Amino acid sequence: MKLALYPETPVGSIPIETNGIHLVRPVELKKLEKVLGKCPQCRDVSMSKSCFKRLPHKSRKLFEKYGIRVEVESKRGRAIAVPLEKMVKVIELRKDYQSLREIERLTDVPKSTVHYLVNYAHRDKIKKGDTTIYLK
123 MKLALYPETP VGSIPIETNG IHLVRPVELK KLEKVLGKCP QCRDVSMSKS CFKRLPHKSR
183 KLFEKYGIRV EVESKRGRAI AVPLEKMVKV IELRKDYQSL REIERLTDVP KSTVHYLVNY
243 AHRDKIKKGD TTIYLK
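Written out as structure tokens, the structure reads:
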């Protein structure tokens with residue numbers, strides 16, 4: 123599971139089984155050390171190009187010390203706030219030739235969101251409560 127890490131994210135809320143982190147903004151070195159100490163399975167860190175430029179050199183050295191691969195990538199757009207179970211149900215109903223309005227009525231997902239999920243969404247990231255989870 124890849125988790126989005128903000129500077130204000132509490133370390134206690136990060137699951138131990140996290141195997142990847144996406145830095146939304148640069149995080150201070152002490153917090154990074156705590157997070158990497160808590161998540162021994164973490165092997166990948168991704169961030170945007172601007173975040174990489176603003177990341178201190180000591181933080182980059184810390185990633186090298188722990189043997190973590192740093193990726194500079196772009197994940198544009200807002201995370202989809204529809205639960206994963208509802209996404210699967212929407213796609214299954216559409217495969218069963220249900221109309222968009224019928225799917226909207228059955229699942230309580232707005233029609234425009236249903237249309238987006240079925241036709242355009244690459245579903246790179248989803249929102250689970252207050253945390254953003256990046257899918258591979």
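Per our numbering, the sequence shown starts with residue 123, numbered consecutively. Beta carbons are placed, not taken as given, at the ideal position from N, Cα and C, and that holds for glycine. This structure is a prediction, so every number in the text was calculated from the model and none was measured.
Using the Cα positions of residue i and residue j, report the straight-line distance between them to the nearest angstrom.
i      : j      : result
Glu195 : Ser172 : 10 angstroms
Ile202 : Leu228 : 19 angstroms
Leu184 : Lys208 : 39 angstroms
Lys153 : Lys249 : 23 angstroms
Arg191 : Val212 : 36 angstroms
Gly142 : Leu125 : 6 angstroms
Ser137 : Cys161 : The sequence as given places Pro at residue 137; Ser does not occur at that position. Straight-line Cα distance between these residues: approximately 8 angstroms.
Pro178 : Leu215 : 48 angstroms
Gly251 : Lys187 : 33 angstroms
Are residue i and residue j closer than 8 angstroms when you measure CB to CB?
i      : j      : result
Glu226 : Val240 : no
Glu139 : Gln163 : yes
Ser181 : Leu206 : no
Val133 : Val149 : no
Please classify residue i as buried or exposed, where buried requires at least 16 neighbouring CB atoms within 10 angstroms.
i      : result
Met123 : exposed
Gly159 : exposed
According to DSSP, is residue i part of a helix, a strand, or is it coil?
i      : result
Met123 : coil
Val194 : strand
Leu145 : strand
Ser172 : helix
Val157 : helix
Thr254 : strand
Ile213 : helix
Val231 : coil
Val236 : helix
Ile225 : helix
Val204 : coil
Could you pull out every residue in the same chain whose Cβ sits closer than 8 angstroms to the Cβ of residue i, ignoring the five residues on either side in sequence?
i      : result
Val204 : Val212, Val231, Thr235, Leu239, Ile248
Arg165 : Asn141, Gly142, Gly189, Ile190, Arg191
Glu155 : Leu184
Near residue i, which residues of its chain fall below 7 angstroms by C-beta distance, leaving aside the five closest residues on each side in sequence?
i      : result
Leu145 : Leu127, Val167, Met169, Cys173
Lys233 : Leu222, Arg223, Glu226
Who are the Cβ neighbours of residue i in its own chain at under 6 angstroms, not counting the five residues just before and after it?
i      : result
Glu193 : Ser168
Arg176 : Pro148
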